[in-house]
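This report concerns only the one structure given below.
Residue numbers (my numbering), protein chains in the order written: chain A, 10 to 171; chain B, 10 to 166.
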C-alpha cells in the first residue's frame, strides 16, 4: 500500500511520467481525476451550490490537514490556501518535484465547475510556494474581473462530457 | 544463519505524518492505475511504482542496503496504524512476515467505486520489489484475498 499520507509523492511521479509523454497525456489524466472526483462532488455541488462546495472543501481542510481559510460570500466562494500540504510534501521529498505540480488542481476542479455552470478563477500565485487562492463565481463577469488581479492564473483544457 | 537486523536507529521516519488521514486518496490511486495501464500499458505503471520505491523511499532503501530491515518495519507499523488496518507482524530469525487481514485502502475504494482495479495491489507488490532491488533483502508480496495479503522480508541467499 502506498499510504494516503504519501499519495502526493506518488502523484508527483505520475505527473513526471505523463509530462514526458506530452501535454495531452497530462490533460487527459487530470480529466480522468476530475471524472473520478465527480462521484464525490457533483451531486453535492449541484444540489447545494456554493454552500455544497464550502462543505466539500471544509471536509478537505480537516482531512488533509490544510492551513486554509474558506469564505462563502454572496457572490463567490473563496478559498485561501495558506500552507498547502500537498505541495509541501512534494517539496519535502527525496524525489525531484514536478515543476508544474500545482497545475493539477485547476486541471480537475475546472472541468467540474464548467459542467455545473460556475466560473473558476484559480490563482496559483507562485508554483514554488505552497499557497494559492481559488475563487468560484456564479457570475461570469465577476469572474473575469477577478482574473485581472491574479498573479499566476491557472487554465485548464479538459471538458467533462454531459 | 544470522537473524535479520531490525535495529531501530531512534530517528524519526523520513516521511512521518500526523493529523488526519484522507482515505479518498486511495480512490485516486485506483483511478490512476487503470488510467495509466489503459493508455500506456502495464510496463509504464510498473515503471512509476519502481520510481516510487527507489526515488521516494530512498531512506528505507538506504537502510535495506545497509542490511537493516528495521526502517521498513517502522514504516509498516506507522502507516498501517495510521490507516487503521487489521494486521500483525511476525519476526523470526529468517523472515519478517506482515499479514494484512483487512486492508483499509482496498476496502475504502471498494465502498466508493464500482470496481477496484485488478492491479490495485501492484502498488504494494511493485513498490516493495523496487525498494528491495539491489539490497540484501527480498520483499515478496502474496495477495491472499480481496484486501488481504502477506508481505515477507527475507535475506537473499
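Backbone N, C-alpha and C fix where the C-beta goes; we use that ideal spot for every residue, glycine too.
Contact under 8 Å by Cβ, residue i with residue j
{"i": "residue 151 of chain A", "j": "residue 76 of chain A", "result": "no"}
{"i": "residue 87 of chain B", "j": "residue 27 of chain B", "result": "no"}
{"i": "residue 144 of chain B", "j": "residue 23 of chain B", "result": "no"}
{"i": "residue 130 of chain A", "j": "residue 159 of chain A", "result": "yes"}
{"i": "residue 115 of chain B", "j": "residue 125 of chain B", "result": "yes"}
{"i": "residue 146 of chain B", "j": "residue 82 of chain B", "result": "no"}
{"i": "residue 42 of chain B", "j": "residue 131 of chain B", "result": "yes"}
{"i": "residue 128 of chain A", "j": "residue 39 of chain A", "result": "no"}
{"i": "residue 159 of chain B", "j": "residue 107 of chain B", "result": "yes"}
{"i": "residue 67 of chain A", "j": "residue 86 of chain A", "result": "no"}
{"i": "residue 29 of chain B", "j": "residue 82 of chain A", "result": "no"}
{"i": "residue 111 of chain B", "j": "residue 95 of chain B", "result": "yes"}
{"i": "residue 91 of chain B", "j": "residue 14 of chain A", "result": "yes"}
{"i": "residue 31 of chain B", "j": "residue 118 of chain B", "result": "no"}
Cutoff 8 Å: residue i Cβ touching any chain B Cβ
{"i": "residue 41 of chain A", "result": "yes"}
{"i": "residue 15 of chain A", "result": "yes"}
{"i": "residue 45 of chain A", "result": "yes"}
{"i": "residue 38 of chain A", "result": "yes"}
{"i": "residue 91 of chain A", "result": "no"}
{"i": "residue 145 of chain A", "result": "no"}
{"i": "residue 60 of chain A", "result": "no"}
{"i": "residue 99 of chain A", "result": "no"}
{"i": "residue 12 of chain A", "result": "yes"}
{"i": "residue 72 of chain A", "result": "yes"}
{"i": "residue 82 of chain A", "result": "no"}
{"i": "residue 23 of chain A", "result": "yes"}
{"i": "residue 63 of chain A", "result": "no"}
CA nearest to the CA of residue i, picked from the options
{"i": "residue 92 of chain A", "options": "A/116, A/133 and A/125", "result": "A/133"}
{"i": "residue 50 of chain A", "options": "A/120, A/166, A/21 and A/101", "result": "A/120"}
{"i": "residue 52 of chain A", "options": "A/124, A/155, A/141 and A/156", "result": "A/124"}
{"i": "residue 116 of chain A", "options": "A/94, A/73, A/161 and A/168", "result": "A/168"}
{"i": "residue 38 of chain B", "options": "B/76, B/63, B/57 and B/52", "result": "B/57"}
{"i": "residue 30 of chain A", "options": "B/50, B/138, B/89 and B/13", "result": "B/50"}
{"i": "residue 4 of chain A", "options": "A/24, A/157 and A/71", "result": "The shown model of chain A, from 10 to 171, leaves out residue 4 of chain A, and the question about it has no answer."}
{"i": "residue 88 of chain A", "options": "A/34, A/140, A/154 and A/10", "result": "A/140"}
{"i": "residue 62 of chain B", "options": "B/120, B/36, B/148 and B/90", "result": "B/148"}
{"i": "residue 97 of chain B", "options": "B/161, B/75, B/20 and B/138", "result": "B/161"}
{"i": "residue 161 of chain A", "options": "A/146, A/109, A/100 and A/126", "result": "A/109"}
{"i": "residue 17 of chain B", "options": "B/76, B/67 and B/156", "result": "B/76"}
Cutoff 8 Å: residue i Cβ touching any chain A Cβ
{"i": "residue 86 of chain B", "result": "no"}
{"i": "residue 19 of chain B", "result": "no"}
{"i": "residue 24 of chain B", "result": "yes"}
{"i": "residue 52 of chain B", "result": "no"}
{"i": "residue 7 of chain B", "result": "An answer regarding residue 7 of chain B cannot be provided, because it is not within the stretch 10 to 166 covered by chain B."}
{"i": "residue 6 of chain B", "result": "This structure does not reach residue 6 of chain B, given that chain B is present from 10 up to 166, and the question cannot be answered."}
{"i": "residue 116 of chain B", "result": "no"}
{"i": "residue 16 of chain B", "result": "no"}
{"i": "residue 37 of chain B", "result": "yes"}
{"i": "residue 60 of chain B", "result": "yes"}
{"i": "residue 144 of chain B", "result": "no"}
{"i": "residue 121 of chain B", "result": "yes"}
{"i": "residue 65 of chain B", "result": "yes"}
{"i": "residue 91 of chain B", "result": "yes"}
{"i": "residue 57 of chain B", "result": "yes"}
Backbone CA spacing between residue i and residue j [nearest angstrom]
{"i": "residue 33 of chain B", "j": "residue 19 of chain A", "result": "14 Å"}
{"i": "residue 135 of chain A", "j": "residue 164 of chain A", "result": "14 Å"}
{"i": "residue 59 of chain B", "j": "residue 22 of chain A", "result": "10 Å"}
{"i": "residue 16 of chain A", "j": "residue 101 of chain B", "result": "31 Å"}
{"i": "residue 43 of chain A", "j": "residue 55 of chain A", "result": "15 Å"}
{"i": "residue 41 of chain A", "j": "residue 44 of chain B", "result": "7 Å"}
{"i": "residue 102 of chain A", "j": "residue 65 of chain B", "result": "7 Å"}
{"i": "residue 156 of chain A", "j": "residue 118 of chain A", "result": "16 Å"}
{"i": "residue 133 of chain B", "j": "residue 10 of chain A", "result": "5 Å"}
{"i": "residue 64 of chain A", "j": "residue 12 of chain B", "result": "52 Å"}
{"i": "residue 139 of chain B", "j": "residue 55 of chain B", "result": "9 Å"}
{"i": "residue 166 of chain A", "j": "residue 136 of chain B", "result": "32 Å"}
{"i": "residue 171 of chain A", "j": "residue 21 of chain B", "result": "49 Å"}
{"i": "residue 144 of chain A", "j": "residue 46 of chain B", "result": "34 Å"}
{"i": "residue 142 of chain B", "j": "residue 59 of chain A", "result": "49 Å"}
Going residue by residue through the region 44 to 116 of chain B, where are the continuous alpha helix (DSSP H) segments of at least 4 residues, counting only ones entirely within it? 51 to 60, 67 to 74 and 79 to 91
To test your reading of the DSSP string, which unbroken alpha helix (DSSP H) runs of 4 or more residues are found completely within the region 103 to 143 of chain A? 112 to 125
At 4 residues or longer, and completely inside the region 30 to 84 of chain A: list those alpha helix (DSSP H) runs for me, N to C. Look at the region 30 to 84 of chain A and you find these whole runs of alpha helix (DSSP H), each 4 residues long or longer: 32 to 72.
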